[in-house]
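Counted the way the working numbering counts, the sequence shown spans residues 322 to 480.
Yeah, the Cβ is synthetic: ideal placement off N, Cα and C, and Gly gets one too.
Structure first, commentary second.
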Amino acid sequence: MRTWKDLKHTLLNGRWPHQPLLIGLDFDGTLSPLVHKPALARLPADIRRLLRRLARGSGIGVAIVSGRSLEDITARVGMRGIYYSGNHGLEIRSPRAVWRHPKTAKASRDIRRLNGILSPALKSFPGTLIENKGPTLSIHYRGTASGKTAANTCGITSF
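Here's what the structure looks like:
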């Protein structure tokens with residue numbers, strides 16, 4: 322293979338002649354366009370078809386890597402036989418097993434407490450969304466008029 326076109330042709334025809342290959346792809350902003358609210362993100366049909374085609378290839382594994390929870394990313398992609406990594410690798414689902422970092426239960430309790438502290442502070446910034454994903458928490462400020470100002474004002478950048 323000498324060009325990207327050769328690589329694309331080889332992968333899409335399911336003939337990877339070398340050692341097993343794992344293709345890891347991010348969901349938000351890569352497989353799915355970035356959207357104003359995370360709940361609105363969808364996997365486009367053409368991308369879904371492409372992922373299925375890749376996953377059927379001999380010696381090719383497909384992994385979806387995301388900051389979303391494992392349950393969320395699995396439901397949004399909805400394909401069997403591929404790998405999912407949720408919460409930035411704290412939760413992983415393979416075609417045969419599910420693994421969670423041993424400290425996710427404690428982290429989830431700490432995140433619930435943090436959510437309780439941040440929610441009232443961020444109410445003064447309309448458009449800010451707090452997303453509790455179990456062992457992680459995201460603060461989305463794309464919907465605010467002031468952008469990063471909300472995070473900076475609350476001192477969130479210092480965590």
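**Study point:** Euclidean distance between Cα positions of P359 and G464
**Key:** Stepping through the sequence shown from its first residue, residue 359 is reached at position 38. Stepping through the sequence shown from its first residue, residue 464 is reached at position 143. Going by the C-alpha atoms only, they are around 11 Å apart.
Exercise for review: Kindly list the residues whose CB is nearer than 6 Å to the CB of D393, restricted to its own chain and excluding five residues on each side of it in sequence; keep chain order.
Suggested key: Sequence index remark: in the sequence shown, residue 393 carries index 72 (1-based). For D393, where only same-chain residues beyond five positions count, there are no Cβ hits under 6 Å.
Review point. In whole angstroms, what is the alpha-carbon distance linking A466 and L458?
Key: Translated into positions along the sequence shown, residue 466 becomes position 145. Translated into positions along the sequence shown, residue 458 becomes position 137. Looking at the two C-alpha atoms, the distance is approximately 22 Å.
Point to revise | Runs of beta strand (DSSP E) lying entirely within the segment 374 to 402, each at least 3 residues, in chain order | key: 381 to 386
Exercise for review: Would you kindly work out how many angstroms separate the C-alpha atoms of L346 and S387, rounded to a whole number?
Suggested key: If you number the sequence shown from 1, residue 346 lands on position 25. If you number the sequence shown from 1, residue 387 lands on position 66. Approximately 8 Å between the Cα atoms of the pair.
**Study point:** Enclosing beta strand (DSSP E) for S459 [first to last residue]
**Key:** Here residue 459 refers to the residue found at position 138 when the sequence shown is read from its first residue. Boundaries of the beta strand (DSSP E) harbouring S459: 458 to 461, taken from the DSSP string.
Point to revise | Beta-ladder partner(s) of R414, from DSSP | key: Counted from its first residue, the sequence shown places residue 414 at position 93. In the DSSP output, where bridge partners are listed per residue, R414 has Y405, V419.
Exercise for review: Mind reading off the beta-carbon distance from L342 to I381? Whole number of angstroms is fine, and I expect it under 8 Å.
Suggested key: Numbered from 1 along the sequence shown, position 21 holds the residue referred to as residue 342. Numbered from 1 along the sequence shown, position 60 holds the residue referred to as residue 381. Confirmed, Cβ separation roughly 5 Å.
Point to revise | Closest Cα partner of Y462 within the set D327, G378, L450, I432 | key: Within the sequence shown, the letter at position 141 stands for residue 462. Ranking D327, G378, L450, I432 by Cα distance to Y462 puts L450 first.
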